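Worksheet: the structure to be examined is printed underneath.
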Amino acid sequence: MQGGDADEFIDYLNDGESSVRHRGYVYRFSGLKFHPGRNTYSISVEKYRFSKEPFEEFMELVYYYESDDGDDVLNHVTEDILWDGKTFYELEKALTWIDW
Numbered sequence: 006m007q008g009g010d011a012d013e014f015i016d017y018l019n020d021g022e023s024s025v026r027h028r029g030y031v032y033r034f035s036g037l038k039f040h041p042g043r044n045t046y047s048i049s050v051e052k053y054r055f056s057k058e059p060f061e062e063f064m065e066l067v068y069y070y071e072s073d074d075g076d077d078v079l080n081h082v083t084e085d086i087l088w089d090g091k092t093f094y095e096l097e098k099a100l101t102w103i104d105w
């Protein structure tokens with residue numbers, strides 16, 4: 006991963022959202038969210054067109070996972086197919102961690 010370490014990126018999601026750039030798009034990882042009413046955790050990945058204004062051109066939700074275990078959520082975001090038919094670690098060499 007350009008701009009940082011892939012494992013650090015995943016660890017960072019415990020505390021907040023973060024974004025990567027890939028093929029002219031920005032993928033915004035929501036970070037690990039706790040939903041007190043349901044007593045669950047979730048994470049989502051949204052796809053945006055790379056533009057001058059951050060998160061101005063939303064395209065689609067590419068990933069969502071929810072569980073009652075936060076570690077399970079983070080494990081799934083690295084092991085499930087995210088986009089282009091690949092997992093996070095299969096994509097990570099082509100990703101650039103950005104502060105957008």
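Residue 105 is where the sequence shown ends in our numbering, and the numbering goes up by one at each step. Heads up, the beta-carbon is just placed ideally off N, CA and C, and yes, glycines get one too. These figures come from a predicted structure and were not determined experimentally.
May I have the straight-line CA-CA distance separating ASP16 from PRO41, to the nearest angstrom? 22 Å
Could you tell me if PHE60 is buried or exposed, where buried requires 16 or more neighbouring beta carbons within 10 angstroms of its beta carbon? exposed
Own chain, CB closer than 6 Å to GLU71, minus 5 neighbours either side, in chain order: THR45, SER47
Have a look at the DSSP bridge pairing and note the partners of ILE86. Beta-bridge pairing links ILE86 to no other residue.
Within the segment 6 to 52, ranges of the alpha helix (DSSP H) (whole runs, at least 4 residues): 11 to 17
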